[in-house]
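Written out below as structure tokens is the structure these notes cover.
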Amino acid sequence: MASIFRYVLLVVGGFTAGLVLAAPSVDTYPLADGLLPGPVFTSDVAAAAAGALTALAVATSIRRRVLAAALVGAMAVAVVALPGGWRFDVYVATIGAGLLLGALVVLGAEKLHTALAGAVVAGLLTAEPLAQFRELDSAPQRYASYLAASVQPVNAVWLPLAIVAAVAAGVVALTAANDTAPVARARGREVAIGIGVPILGVGLYWSFHHALFALDDLGEGRWLWGLVAVPVLIAAALWLRGRTGTVLLAATAMVVAVGGAVSWSPAAWPALLIGPVLVAVGVWLGRRRPMPLIGVGLLALAAAAGIFDRPPGDNANFAATVLVVPFAAAYTIVASLPSTAPVTVTSLTLPAVLALPLLAQFGWTAYTPLTDDPAGWSPSAWAWSSVGASTGAVLACGAAMAWLRYRRASEDAGT
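Counting the sequence shown from 1 gives a position; our numbering is that position plus 74.
Structural data, given as structure tokens:
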């Protein structure tokens, strides 16, 4: 029975952590403050960075009472999901998700990491469509920003998931022989990268936010600094020992592909199951036939589909977002495992920490892309540039993966 509840804990807990980290401000206090002054620190990216650092701390330092950390994290998410709200609850939610995720990475063996990784990917990719569906499904929610904190509604998704995760953690703690996880000590490089990635995400978000409100005289602007993240992450993956950085490259490819994807709003709740089902298929196939370069190729195709940004070709982009990205992301990440606990945590939290486009073009409304071309498939020079950069970045991650495999083969031949 303990093994069954362990799987339940990994799957439900991982899915919960992914949901919370990807969209921590859903149904939380709308006027929440950040831990530091300024609008950047009230953002989802900053809150996700706090959760990522918490998960890293758990993965690198906790070897005993692992289930206690998972239980505390699930309870923190459940408390935030209850009706009402208070300042800083966005950070409470992400820190709770970080505690939960870090404990699960330590708790899961190498075989169990595949289930955990798939659950987290499913949560990350389901968070935005779920938020869109809930907003459209209940019209009064559009006025949630004007409600007092005491009357904020219950988060009907977070609460049951967090309760199930907490119950599963409690049952495993009561039935398991011990609560000690035999995980190797983290290396300095892994910890340095785990700390640096969230800082990089917050810094890029600050740059993006500053660019939005520093438009030129014509009310137009472009932001290109997101390109910095790709070579930095590739260099970080190559800096790690052996092939442990492969999963970081897989997560980077996922971030780039998702950043260029279109957002979509399901018309009915069964449509929300499409992503998790495709993720499950990707996890199964990635475990049976681990060839991460194939997954990178699929992610590159999904990124290239962004060139179809207007009718009638935008259906291809939509299909790539809904059908290709979930399968390819899960397959690539699972096929890149195993890795060490700190690198796994950093990789799984990367899509939430770097929830930014590589390139952005915006007008006087600050958030509305410029669409001066007529309807029909006639991509502008900017569309070609941005899609080309995204596709090239994904392919660069694949090239780095191939180099890591070659380097490992050379090291094995030398020994």
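C-beta atoms are modelled at their ideal positions from N, C-alpha and C, and glycine is treated no differently.
- Query: Going straight from the alpha carbon of Val-427 to that of Ala-327, what length do you get?
  - Reply: Taking the sequence shown and counting its residues from 1, the one referred to as residue 427 is at position 353. Taking the sequence shown and counting its residues from 1, the one referred to as residue 327 is at position 253. Their Cα atoms are separated by approximately 14 Å.
- Taking the alpha-carbon positions, what's the Ala-285 to Arg-296 distance? Locating residue 285 in the sequence shown gives position 211, counting from the first residue. Locating residue 296 in the sequence shown gives position 222, counting from the first residue. Rounded to the nearest angstrom, the two C-alpha atoms are 8 Å apart.
- Residues near Ala-474 in its chain [Cβ-Cβ closer than 7 Å; skip 5 each side]: As a first step, residue 474 must be located in the sequence shown, where it is residue number 400. Correct list, in chain order: Ile-308, Ala-311, Leu-312, Leu-323.
- Item | Sequence-distant residues of its chain with Cβ nearer than 7 Å to Gly-268 (five each side left out) | Taking the sequence shown and counting its residues from 1, one reaches residue 268 at position 194. Here the set comprises Leu-130, Pro-416, Val-419, Thr-420.
- Message: So, with DSSP's three-state summary, where would you put Trp-338?
- Response: On the sequence shown, position 264 is the one that residue 338 refers to. Here DSSP, grouped into helix, strand and coil, assigns Trp-338 to coil.
- Task: Please classify Gly-295: does DSSP put it in a helix, a strand, or coil?
- Result: One-based indexing of the sequence shown puts residue 295 at position 221. Three-state DSSP puts Gly-295 in a strand.
- Message: Starting from Ala-434, trace the beta strand (DSSP E) in both directions and tell me its first and last residue.
- Response: As a first step, residue 434 must be located in the sequence shown, where it is residue number 360. In the DSSP assignment, Ala-434 falls within the unbroken beta strand (DSSP E) covering 434-436.
- Message: Does the structure place the stretch 188-196 close enough to the stretch 85-99 that three or more beta carbon pairs sit under 8 Å?
- Response: Between the stretch 85-99 and the stretch 188-196 there are three or more C-beta pairs closer than 8 Å, enough to call the two in contact.
- Item | Residues of its chain near Ala-303, where Cβ-Cβ distance is below 7 Å and the 5 sequence neighbours each way are ignored | Reading the sequence shown from its first residue, position 229 is the one you call residue 303. Sequence-distant Cβ neighbours of Ala-303 in its own chain, meaning closer than 7 Å and more than five residues away, are Leu-274, Leu-278, Leu-428.
- Opening and closing residue of the alpha helix (DSSP H) in which Trp-343 lies: For the purposes of this step, residue 343 is taken as residue 269 along the sequence shown, with counting starting at 1. Careful: Trp-343 lies outside any alpha helix (DSSP H) and carries neither H nor E.
- Mind checking Tyr-405: buried by the 16 CB within 10 Å criterion, or exposed? As a first step, residue 405 is located in the sequence shown; it is residue number 331 there, counting from the start. Result: buried.
- Query: Considering only residues of the same chain and omitting the five flanking positions on each side of Ala-148, which have a CB-CB separation below 8 Å?
  - Reply: For this step, residue 148 is matched to residue 74 along the sequence shown. Only Gly-87, Thr-90, Gly-170, Leu-174, Ala-236, Ile-237, Ala-239, Ala-240, Ala-243 meet the Cβ criterion.
- Query: In whole angstroms, what separates the C-alpha of Pro-203 from that of Pro-340?
  - Reply: Translated into the one-based positions of the sequence shown, residue 203 becomes position 129. Translated into the one-based positions of the sequence shown, residue 340 becomes position 266. Answer to the nearest angstrom: the Cα atoms are 7 Å apart.
- Query: Which residues share a DSSP beta bridge with Arg-362?
  - Reply: Indexing the sequence shown from 1 puts residue 362 at position 288. According to DSSP, Arg-362 bridges with nothing at all.
- C-beta atoms of Ala-409 and Pro-366 nearer than 8 Å: As a working note, residue 409 is residue 335 in the sequence shown. As a working note, residue 366 is residue 292 in the sequence shown. Yes, these two residues count as a Cβ contact at 8 Å.
- Item | Range of the contiguous alpha helix (DSSP H) that encloses Val-265 | The count along the sequence shown starts at 1 and reaches residue 265 at position 191. Where Val-265 is concerned, the enclosing alpha helix (DSSP H) stretches over 262-286.
- Message: Let's see if you can read the secondary structure: which residues bound the alpha helix (DSSP H) around Asn-389?
- Response: Residue mapping note: residue 389 aligns to position 315 of the sequence shown, counting from 1. For Asn-389, the enclosing alpha helix (DSSP H) has its first and last residue at 388-393.
- Item | Burial state of Val-228 (16 or more Cβ within 10 Å) | Taking the sequence shown and counting its residues from 1, the one referred to as residue 228 is at position 154. With fewer than 16 other Cβ atoms from the protein chains shown falling within 10 Å of its own Cβ, Val-228 counts as exposed.
- Message: Rounding to the nearest angstrom, what Cα-Cα distance links Asp-107 and Phe-115 in this structure?
- Response: On the sequence shown, position 33 is the one that residue 107 refers to. On the sequence shown, position 41 is the one that residue 115 refers to. Bear in mind that a pLDDT of 49 at Asp-107, under 50, signals an unreliable position, so the number given afterwards is only what the model happens to contain. For Asp-107 and Phe-115, the distance between alpha carbons rounds to 8 Å.
- Anticipated Cβ contact below 8 Å, Ala-403 with Leu-199, distance rounded: One-based indexing of the sequence shown puts residue 403 at position 329. One-based indexing of the sequence shown puts residue 199 at position 125. The Cβ separation is near 7 Å, so the contact holds.
- Leaving aside the five residues before and after Tyr-220 along the sequence, list all residues of the same chain whose C-beta is less than 7 Å from its C-beta, in chain order. Along the sequence shown, read from residue 1 onward, the residue named residue 220 stands at position 146. Residue placement at Tyr-220 cannot be trusted, given a pLDDT of 49 that sits under 50; the coordinates are not used to answer.
- Query: Can you tell me whether DSSP reads Arg-315 as helix, strand or coil?
  - Reply: Taking the sequence shown and counting its residues from 1, one reaches residue 315 at position 241. Coil.
- Taking 8 Å as the threshold, find out whether the stretch 354-364 comes into contact with the stretch 456-469 through three or more Cβ pairs. They do not touch, by the three-pair rule.
- Message: Can you look up Arg-384 in the DSSP assignment and give me helix, strand or coil?
- Response: Residue numbering aside, residue 384 sits at position 310 when the sequence shown is read from its first letter. Residue state, collapsed to three classes: coil.
- Under 7 Å Cβ to Cβ from Asn-391, same chain only, skipping five residues before and after it: list those, please. As a working mapping, residue 391 is identified with position 317 in the sequence shown. Cβ neighbours of Asn-391 beyond the five flanking positions: Val-336, Ala-379, Gly-380, Phe-382, Asp-383.
- Buried or exposed: where does Ser-135 fall if 16 or more other Cβ atoms within 10 Å of its Cβ makes it buried? Along the sequence shown, one-based indexing puts residue 135 at 61. Result: exposed.
- Item | Simplified DSSP assignment, three categories, for Arg-80 | Numbered from its first residue, the sequence shown carries residue 80 at position 6. DSSP places Arg-80 in helix when its eight states are reduced to three.
- Within its chain, find whatever has a CB closer than 7 Å to the CB of Cys-471; leave out the 5 residues flanking it on each side and keep chain order. Here the question's residue 471 lines up with position 397 in the sequence shown. Around Cys-471: Ile-308, Leu-323, Thr-326, Ala-327, Val-370.
- Task: Compute the Euclidean distance between the alpha carbons of Ala-142 and Ile-368, then round it to the nearest angstrom.
- Result: The residue you call residue 142 lines up with position 68 of the sequence shown. The residue you call residue 368 lines up with position 294 of the sequence shown. One C-alpha to the other measures close to 39 Å.
- Query: Can you list, in chain order, the residues of its chain whose CB lies under 7 Å from that of Val-355, leaving out five sequence neighbours each side?
  - Reply: Within the sequence shown, the letter at position 281 stands for residue 355. Excluding residues within five positions, the ones whose Cβ falls inside 7 Å are Phe-401.
- Own chain partners of Leu-298 with C-beta closer than 6 Å, once the 5 adjacent residues on each side are dropped: Here residue 298 refers to the residue found at position 224 of the sequence shown. These residues qualify, in order along the chain: Leu-433.
- Item | Under 8 Å between C-beta atoms of Leu-397 and Leu-352 | One-based indexing of the sequence shown puts residue 397 at position 323. One-based indexing of the sequence shown puts residue 352 at position 278. Contact flag set, yes.
- Query: Does DSSP classify Phe-162 as helix, strand or coil?
  - Reply: By one-based count along the sequence shown, residue 162 stands at place 88. In this structure, Phe-162 counts as coil in the three-state DSSP scheme.
- Query: Can you tell me where the alpha helix (DSSP H) with Ala-379 in it begins and where it stops?
  - Reply: Counting from 1 along the sequence shown, the entry for residue 379 is found at position 305. Looking at the DSSP string, Ala-379 is not in any alpha helix (DSSP H), and its letter there is neither H nor E.
- Leu-428 (DSSP reduced to helix, strand or coil): Your numbering for residue 428 matches position 354 in the sequence shown. Look at Leu-428 here: in three-state DSSP terms it is coil, with no helix or strand label.
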